[in-house]
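Let me begin by presenting the structure, written as structure tokens, before commenting on it.
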Amino acid sequence: MTGTVLLEIKNLHAGIDGNEILRGVDLTVRAGEVHAIMGPNGSGKSTLAQVLAGNPAYTITTGSAQYLGKDLVALKPEERAREGLFLAFQYPVAIRGITNAYFLRSALNAIRKSRGQEELGPVEFMDALEEKLKLIGWDDSYLSRPVNDGLSGGEKKRNEILQLAVLEPKLAILDETDSGLDIDALKTVAHTVDRLRRPDSATVLVTHYYRILTHIMPDYVHVLSGGRIVKSGGKDLALELEEKGYDWVRDEAPVA
Amino acid sequence: MTTGIEAQVLQPYKYGFVTDIEADVVPPGLNEGVIRLISAKKGEPEWMLEWRLRAYRNWLKMPEPHWANVRYGPIDYQAISYYAAPKAKPKLDSLAQVDPKLVETFAKLGIPIEEQKRLAGVAVDAVFDSVSVATTFRETLARQGIIFCAISEAIREHPELVRTYLGSVVPYNDNFFAALNSAVFTDGSFAYIPKGVRCPLELSTYFRINTSSTGQFERTLIVAEEASSVSYLEGCSAPIRDEHQLHAAVVELVALDNAAIKYSTIQNWYPGDEAGRGGIYNFVTKRGKCLGKNSKISWTQVETGSAITWKYPGCILQGDNSIGEFYSVAVTNNRQQADTGTKMIHLGKNTRSTIVSKGISAGHGQNTYRGLVKILKGAEGARNYSQCDSMLIGDQCGAHTFPYIDVRNSTATMEHEASTSKIGEDQIFYCKQRGLAAEDAISMIVNGFCKEVFKELPMEFAVEAQRLLGISLEGSVG
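Right under this line is the structure:
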């Protein structure tokens, strides 16, 4: 059984400040799947994540991206988010003076409102948040702290995953969420992501390393190199990469 | 950046309506005759007229100051009408007799003045052009000996108090605009809190300019006797007009031993349009005197309106151990210019002052913080902490900081922190990625930036301030 297609990228070219970084990416993600996108530094992994989320700093030159059958490029970043596309940022941004509770509730309510659902009051929201906090292993003190302000790199990553848990997206893109985490934090984060998997949702893990994939089993592994996917395979490919390094794929890749 | 943050059209100013009411307007122009006329209309005693005339004669000799970091065309003081009042003269002792049009005007501004709809916990003095039209909760306050009324009424009813304190903090010849105000001031509020009384209600004055070609020159005087305390809030708005209107107010606060005055302002005068047409020129002198030992005066201001803002609410810390505070958020969007800050003058021993200033510039707005901390010889052990943060939205606006420090006692402790940041594309994108609209994202980031100031506002008004900030910056992102 194959799930419905959530994301379909064809021949995507994109760049920043006139430099082309993605040079023809093709990728199809269906409901229920976990995809890992691996590759060396500078291969375009983060660019792909940012482009899918709609960061205005990046320009798409050619190609297409369909999300839930809609032209993703035509949707504003906030519309993508409201349609269930979530990006866990590699470098989450701090917002001084705004508490996590307020930020998360505003985000959740913006999404709910766009779907014609009732907005949650502070009390209802706290109830809903309780169990998600437990999942990530945090207590209530988190709620009154400012968004990503004064947090360590690892805590910021955890915060992204908590937001993921609360917003329950259809397509979650995790941009190097595993980097900067110690082993215990990595386990918690990975298990949380794994627990949050649903048959109607999909996860795209952008990562350098094999180790997160020992906790979240990917259905597909893609190797991004030089702005395109040069090799795709099952979870075994990740293991092979771990052993042989990226040079192996680069050497094998067909010359354009 | 492909889609930068840039100023667009300002959202319509929501308080820009005009009340169609017959007004008694004195023809434009300023001379001793006009001052005598104003004084006569107010039924003032002779000493008050003399004081006004002294101020006027001084003003004639004073040059208009131009040291502030703001640009505007010449003001023609002879083209302004110095008195405008709704014709049906309200009787202040009966709210039922207030013109329904005025009641409706204030209701539209969110300031209900009828008995049954009054704001719980807030006593309001409503000033329309040159006169106070209603003061609520007077009886409740009077039971505790608190006087809260229009200053014109106080001059008639409590001359001994007014004579003692009027001009004691801001003398009639203090500066050009204060002298002008002293000569022509029309109305404003007077509050007197007797010894040992904690004022049970928030006192509030709402100033509304309605008539065109008039200036508003209000005067407020608050006196807190020994061991008393009061929290006071002022709000203001004006119709949308193509012309600039002048608002030159004076506020004086006096705190005696162990007294505390908290003065909050939400300033929302019409700011002008995106091309800089119209808007209020807001030239204001506000000063508090901590006369008694252990007294405290705290200024909190949220300045979102006016084409030009020129104001430096300050504290004279005369009593030993007295405390002065200044918390400010100033927003300039489109062509607005603000030159604002504070003066903390330390005279007494162990006096302390705190300054937290947040300037936000968007569009072509220019925002200047100007502050003076002066520690005089006798101010043994004085302390000051200053923090000035500026935020820029877009690349056409400006933020400027001029902190002046003058220390004459070596035991003083001074701390000054300053920062300037540009609102980040990355912050906005982060918020959008979580489903928030651009405007909500900006509003959230800016509110977070201002949090240290907003938490100083009385609860009811903190919400209003946040909302106002959102409106002021609407349309400031692309």
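Here the protein sequences come in this chain order: A and B. What the first sequence shows, in numbering that gives the first Met the number 0, is residues 0 to 255, in sequence order. What the second sequence shows, in numbering that gives the first Met the number 0, is residues 0 to 477, in sequence order. Quick reminder that beta carbons are idealized off the backbone N, C-alpha and C, glycines included. Note that the structure is a prediction, hence the values are computed from the model and not measured.
- Comparing alpha carbon positions, the residue from K342/B, E302/B, A361/B and T219/B closest to E463/B is E302/B.
- When the beta-carbon positions are compared, E82/A and Y57/A stay at least 8 Å from each other.
- Residues of the segment 442-458 of chain B whose Cβ lies closer than 8 Å to any Cβ of chain A, in chain order: M443, I444, N446, G447, F448, C449, K450 and E451.
- Nearest neighbour of S263/B by Cα position, chosen from Q300/B, K295/B, L101/B and N293/B, turns out to be Q300/B.
- Between the C-alpha atoms of E129/A and L371/B there is a straight-line separation of about 49 Å.
- The C-beta of F124/A comes no closer than 8 Å to any C-beta of chain B.
- By the neighbour-count criterion, in which 16 or more other beta carbons inside 10 Å mark a residue as buried, T410/B falls on the exposed side.
- Pairing L52/B with I37/B, the inter-Cα distance amounts to about 11 Å.
- DSSP lists T27/A and Q65/A as the bridge partner or partners of E7/A.
- With respect to the C-alpha of G397/B, the residue from T353/B, N408/B, A417/B and T367/B having the closest C-alpha is T367/B.
- For G214/B, no CB of chain A lies under 8 Å from its own CB, so it is not counted at the interface with that chain.
- Here the alpha carbons of K357/B and A133/B stand approximately 34 Å from one another.
- Residues of chain B whose Cβ lies closer than 7 Å to the Cβ of R95/A are, in chain order, G447 and F448.
- For P76/A, the neighbours in chain B by C-beta distance under 8 Å run, in chain order, F428, K431 and Q432.
- By the neighbour-count criterion, in which a residue is buried when 16 or more other Cβ atoms sit within 10 angstroms of its Cβ, M390/B is buried.
- Listed along chain A, the residues sitting closer than 7 Å to L435/B by beta-carbon distance are E77, S105, A106 and A109.
- Looking at the backbone, the Cα of F401/B and that of R369/B are separated by about 5 Å.
- Of all residues in the segment 80-93 of chain A, those with a C-beta nearer than 9 Å to a C-beta of chain B are A80, R81, L84, F85, L86, F88, Y90, P91, V92 and A93, reading in chain order.
- Residues of the same chain with a CB within less than 6 Å of the CB of G152/A, apart from the 5 flanking positions on each side, are G179 in chain order.
- Rounded to the nearest whole angstrom, the CA to CA distance from Q143/B to V253/B is 19 Å.
- Nearest CB-CB separation between A52/A and chain B: below the 8 Å threshold.
- Under the DSSP assignment, W58/B falls in the alpha helix (DSSP H) whose first and last residues are E45 to K60.
- At a Cβ-Cβ threshold of 8 Å, R207/B and V126/B count as neighbours.
- The bridge partners DSSP lists for D124/B are T134/B and T204/B.
- When secondary structure is reduced to three states using DSSP, Q395/B falls in the coil class, being assigned neither helix nor strand.
- For P145/A, the secondary structure class from DSSP, reduced to helix, strand or coil, is strand.
- Non-local C-beta neighbours of L238/A in its own chain, meaning closer than 8 Å and more than five positions away in sequence, comprise Y209, ordered along the chain.
- Contact between S80/B and P44/B is absent: CB atoms are separated by about 25 Å, not below the 8 Å threshold.
- Chain-order list of chain B residues neighbouring Q162/A: R433, by C-beta distance under 8 Å.
- Under the three-state reduction of DSSP output, S294/B falls in the coil class, being neither helix nor strand.
- Per DSSP, the beta-bridge partners of G287/B are L252/B and C314/B.
- Under the three-state reduction of DSSP, H246/B is assigned to strand.
- Interface annotation, D439/B: in contact with chain A, CB-CB separation under 8 Å.
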